[in-house]
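Colleague: In terms of our numbering, the sequence shown opens at residue 14 and continues consecutively. I'd like to ask some things about the structure below.
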Amino acid sequence: MNNLTQVISEVLNEPVSNLRLETKLKDIGSWDSLNHMVLITQLEEEFNIEFSGDEIAEMESIEDIANIFESKGVNFDV
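As structure tokens, this is what we get:
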């Protein structure tokens, strides 16, 4: 999960130490709909994958994002 949390940390300007699987994106102070799309774009570029509209809508927590990655064959150490 280190690479995942690092990208989230950089995009949302939140220390990695504050990010846990159960962290809800809406609870991160700098999260808004624009930063959500910036995050999606950065994740797609960083990991060379594409998310569907449904997958993007399901991304409410870091765990949700990790689960979507897992469904695409990308696993992170948790």
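Cβ coordinates follow ideal geometry from the N, Cα and C atoms, glycine included.
Which residue from Pro28, Asn26, Ser30 and Ile78 puts its Cα closest to that of Leu56?
Modeller: Here residue 56 refers to the residue found at position 43 of the sequence shown. Nearest of Pro28, Asn26, Ser30 and Ile78 to Leu56, Cα basis: Ile78.
Colleague: For a quick check, are the C-beta atoms of Thr54 and Leu32 less than 7 Å apart?
Modeller: Here residue 54 is taken as the residue at index 41 of the sequence shown, counted from 1. Here residue 32 is taken as the residue at index 19 of the sequence shown, counted from 1. Result no, Cβ atoms of Thr54 and Leu32 do not sit closer than 7 Å.
Colleague: Spatial neighbours of Ile69 within its chain, please: CB distance less than 6 Å, with the 5 preceding and 5 following residues excluded, ordered by chain position.
Modeller: Within the sequence shown, the letter at position 56 stands for residue 69. Excluding sequence neighbours, Ile69 sits near Ile53.
Colleague: If you count every other CB in all the chains shown that lies within 10 Å of the CB of Leu25, and 16 or more means buried, which is it?
Modeller: Position 12 of the sequence shown, counted from the start, is the residue given in the question as residue 25. Buried: at least 16 other Cβ atoms inside 10 Å.
Colleague: From this set, Met50, Ser43, Asn80 and Lys85, which residue's C-alpha is nearest Glu35's C-alpha?
Modeller: The residue you call residue 35 lines up with position 22 of the sequence shown. With distances taken between Cα atoms, Glu35 lies closest to Asn80.
Colleague: Which stretch, first to last residue, makes up the alpha helix (DSSP H) that contains Ile53?
Modeller: The residue labelled residue 53 in the question sits at position 40 within the sequence shown. Unbroken alpha helix (DSSP H) run through Ile53: Ser46 to Phe60.
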